[in-house]
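A.B. asks:
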Amino acid sequence: MNKQINNFLIEGNIGAGKSTLLEKLKENQNAQINVVPEPVHIYTNYNGHNYLQYFYDNPRKWTFAFQQIVLNVTANQYRKNQNQGQINLFERSMYSPLQIFAQEQFEKGVLCEAEMELLKKITNDICEWINYDIKGIIYVRTSPEISMERMKARSRVEECTIPIEYLQDLHKLHEQWLFYKKDLSLPVLIYENNKNAAGQNTEAIQEFVYQWMQNPTNQILDPQFL
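Here it is as structure tokens:
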């Protein structure tokens, strides 16, 4: 009998503490969760080009192309991690471009409605092709101010010119999508990460995953405000 593959997502703002949290989970061998980090290194060297830098330097020119690259890379990451009986936790998702990053540029007037519709079709087509099946989402909820501090501390070259206003815009969209669950039926765990050192309570994430496996549902499973 085939064992089910259980795919979960971890989402949150730039600098929210997602990567640090995933590292802590990875160190915890008892978790038995396959951690799949966001492949930023691919975006900074995709066919020899740093498309992440292009996007930040000139979003009007590069947003549409960059989000297509993100969708392609994310789909490949998903396909490579579909072993029977495996529990996967992916940093960011096929939903992130439309719900957050492309949407932010659309609201600024950088992307037009036709481009958003095309991105939506591309996303839906890819999701159908790879049989994209997600069980739940962990939302690493961090204020824009704390995210800014953490982003500066890690000193990623491509992020050095990002203003606080951009993080505030992204935070608002994350809140609409994952906290208030706008157009979302998946269960969501709210992981409050302003005060906690990232990874301080990885047990909550494990419990969320195992609780879903014992009682699959599309409803919120007792979200914990940590």
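For the sequence shown, UniProt numbering assigns the number 1 to the initial residue and increments by one for each residue that follows.
All residues carry an ideal CB built from backbone N, CA and C; glycine is no exception.
Output the distance between the C-alpha atoms of I5 and G85, rounded to the nearest integer angstrom.
C.D. replies: 5 Å
A.B. asks: Would you call the segment 47-54 in contact with the segment 90-98, where contact means no fewer than 3 C-beta pairs closer than 8 Å?
C.D. replies: no
A.B. asks: Going by beta carbon distance, what residues of the same chain come within less than 6 Å of Q219, once the five residues before and after it are set aside?
C.D. replies: Annotation note: pLDDT 49 at Q219 (below 50); position unreliable, coordinate value reported separately. Nothing meets the Cβ criterion.
A.B. asks: Determine the direct distance from the alpha carbon of K135 to that of G15, and round the result to whole angstroms.
C.D. replies: 24 Å
A.B. asks: Within 8 Å, do at least three Cβ pairs link the segment 139-150 to the segment 59-73?
C.D. replies: no
A.B. asks: Figure out for me which residue from E159, I122, H171, W129 has the closest Cα to the Cα of L145.
C.D. replies: Looking at the sequence provided, one finds Glu at residue 145 rather than Leu. Residue nearest to E145 within the set E159, I122, H171, W129 is H171 (criterion: CA-CA distance).
A.B. asks: Using 10 angstroms around the beta-carbon of H41, count the other beta-carbons present and answer buried if the total reaches 16, otherwise exposed.
C.D. replies: exposed
A.B. asks: Roughly how many whole angstroms lie between the Cα atoms of residue 307 and K108?
C.D. replies: Because residue 307 is not part of the residues shown, which for the chain are 1 to 226, the question remains open.
A.B. asks: State buried or exposed for K80, treating a residue as buried only when at least 16 other CB atoms are found within 10 Å of its CB.
C.D. replies: exposed
A.B. asks: Rounded to the nearest angstrom, what separates L178 and E113 at their Cα positions?
C.D. replies: 23 Å
A.B. asks: Can you give me the C-alpha to C-alpha distance between K152 and K3, rounded to a whole angstrom?
C.D. replies: 43 Å
A.B. asks: Can you find the residues in the same chain that come closer than 7 Å, C-beta to C-beta, to L111, ignoring five residues on each side of it along the sequence?
C.D. replies: Contacts found: T63, F64, A102, Q105.
A.B. asks: Between the C-alpha atoms of Y210 and L21, what's the straight-line distance to the nearest angstrom?
C.D. replies: Computed Cα separation, rounded: 18 Å.
A.B. asks: So what's V157 in DSSP terms, helix, strand or just coil?
C.D. replies: helix
A.B. asks: The beta strand (DSSP E) that contains R92, what's its start and end?
C.D. replies: R92 -> no beta strand (DSSP E), and no H or E assigned at all.
A.B. asks: Can you check which of these residues, N83, W129, P97, is closest to N7 by C-alpha distance?
C.D. replies: Measuring from the Cα of N7, the nearest candidate turns out to be N83.
A.B. asks: Quick check on DSSP: helix, strand or coil for L111?
C.D. replies: coil
A.B. asks: Taking the beta carbon of E11 as the centre, do at least 16 other beta carbons fall within 10 Å, making it buried, or is it exposed?
C.D. replies: buried
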